[in-house]
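This report concerns only the one structure given below.
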Amino acid sequence: MARIASWLAVALFWLLHWLPLGMQARIGTAVGELLYRFAGRRRHIVNVNLRLCFPEMDETARARIAGAHFHALGRSMLERGLLWWASEARLKGMIRLEGREHVDALVAAGRPVLLLAPHFLGLDMGGARFAMEFDSVSVYARQNNPVFDRWLFHGRSRFGDQLLLSRQDGVRGTVKAMKAGRPFYYLPDMDYGREDSIFVPFFGVPAATITGLSRLSRLARAAVVPVVTEMLPGGKGYVTRLGEPWADFPTEDVEADTLRMNQWIESVVRTMPEQYYWVHRRFKTRPPGEKRPY
């Protein structure tokens, strides 16, 4: 039964991808409103995250962000069908790429590139748009649902010659790929537990954060290029912004490097808080003796 339901969902995504983006956005927003009202567990997680990260706001302000977040989340779910079936020309028309010159200059100079891509809801749109321009490497996590796993993998590998590694492939394959000229689309801002993590502040709250950005940058001698994809209102599409390479990174202080990453992500979150991936339990791993907030 679960497999049939999954294929019905895929069929729905296929039907929706033919619609104009503005119409998809309206439907996705409505789906997000339903999620906000009925997905109580996820709503609780979002509310806890927002309370921890924005204690200076009152409950009404945080509730507005939570509602807008679920609306954007619904959009990101339904618009995923575009990544699976829309033509390259159509996707290029709806996802604007800015700052490509930063990566071009590094590639031309033979410098490995590490793209710092935090978990904003337009993340996969940005990854697909970048893949249309560069053969890159990224980490792919297998999904428990085999139907969605098939289509998610398909979406990640449609354009160019993309190398998808698993977390089990380890650091060596990633460093080798970067040194061979493949930019690494890296997503290091989730709570992966205590292994390979240290506690550094995120919005002033100790957060278990992997130190991979500093370590990989050092091992590959790679330049760190920040990348954020913003979901624009209605049918206006998306914009993927590649920033200037970070200066003086990495340093000899891994903790300071990891804190710098969290502080930069925090600064971007504050510009569009509704688009960060708040449904993730970012603070589930706690320092010894501290209770989990969820």
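Okay, so the sequence shown: first residue is 1 according to UniProt numbering, each after it adds one.
Glycine residues also receive a C-beta, built at the ideal position from the N, C-alpha and C atoms.
Bear in mind that the values here come from a model prediction, so they are computed numbers and not experimental data.
Considering Cα atoms alone, identify which of the options is closest to residue i.
{"i": "His17", "options": "Leu78, Arg292, Arg150", "result": "Leu78"}
{"i": "Asp189", "options": "Glu290, Gly212, Lys92, Gly74", "result": "Gly212"}
{"i": "Arg64", "options": "Gly22, Lys291, Met272, Leu165", "result": "Met272"}
{"i": "Lys179", "options": "Ala222, Ala5, Arg194", "result": "Ala222"}
{"i": "Arg26", "options": "Ala2, Phe70, Leu52, Val46", "result": "Phe70"}
{"i": "Val269", "options": "Ala128, Gly122, Ser138, Asn144", "result": "Gly122"}
{"i": "Asp196", "options": "Phe203, Ala207, Trp278", "result": "Ala207"}
{"i": "Ile4", "options": "Phe203, Glu244, Leu152, Val147", "result": "Val147"}
{"i": "Val279", "options": "Ala128, Asp104, Val48", "result": "Val48"}
{"i": "Ser87", "options": "Leu163, Arg129, Trp264, Gln143", "result": "Arg129"}
In chain order, what residues of the same chain have a beta carbon less than 7 angstroms from the beta carbon of residue i, not counting five sequence neighbours either side?
{"i": "His154", "result": "Trp84"}
{"i": "Gly181", "result": "Val107"}
To which residues does DSSP link residue i through a beta bridge?
{"i": "Thr251", "result": "Answer is none; Thr251 lacks a bridge partner."}
{"i": "Ser138", "result": "Leu164, Tyr185"}
{"i": "Ile95", "result": "Tyr238"}
{"i": "Phe120", "result": "Tyr276"}
{"i": "Leu115", "result": "Tyr185, Val225"}
On the DSSP letters alone, give me the boundaries of the beta strand (DSSP E) that residue i sits inside.
{"i": "Phe199", "result": "197-202"}
{"i": "Pro146", "result": "First-last for Pro146: 146-157, but that is the alpha helix (DSSP H), not the beta strand (DSSP E)."}
{"i": "Met231", "result": "223-231"}
Excluding the 5 residues preceding and the 5 following residue i in the sequence, name in chain order all residues of the same chain whose CB lies nearer than 8 angstroms to its CB.
{"i": "Arg111", "result": "Arg221, Ala222, Ala223"}
{"i": "Leu216", "result": "Leu114, Val171, Thr174, Val175, Met178, Phe184, Tyr186, Ala222"}
{"i": "Pro20", "result": "Gly235"}
{"i": "Arg194", "result": "Ala208, Thr285"}
Taking the continuous alpha helix (DSSP H) assigned at residue i, which residues delimit it?
{"i": "Ala61", "result": "59-78"}
{"i": "Thr209", "result": "Here Thr209 belongs to no alpha helix (DSSP H); instead the beta strand (DSSP E) covers 205-210."}
{"i": "Phe14", "result": "According to the sequence displayed, residue 14 carries Trp and not Phe. Where Trp14 is concerned, the enclosing alpha helix (DSSP H) stretches over 2-16."}
{"i": "Thr29", "result": "21-38"}
{"i": "Gly289", "result": "It is not in any alpha helix (DSSP H) - Gly289 carries neither H nor E in the DSSP assignment."}
Near residue i, which residues of its chain fall below 6 angstroms by C-beta distance, leaving aside the five closest residues on each side in sequence?
{"i": "Leu219", "result": "Val175"}
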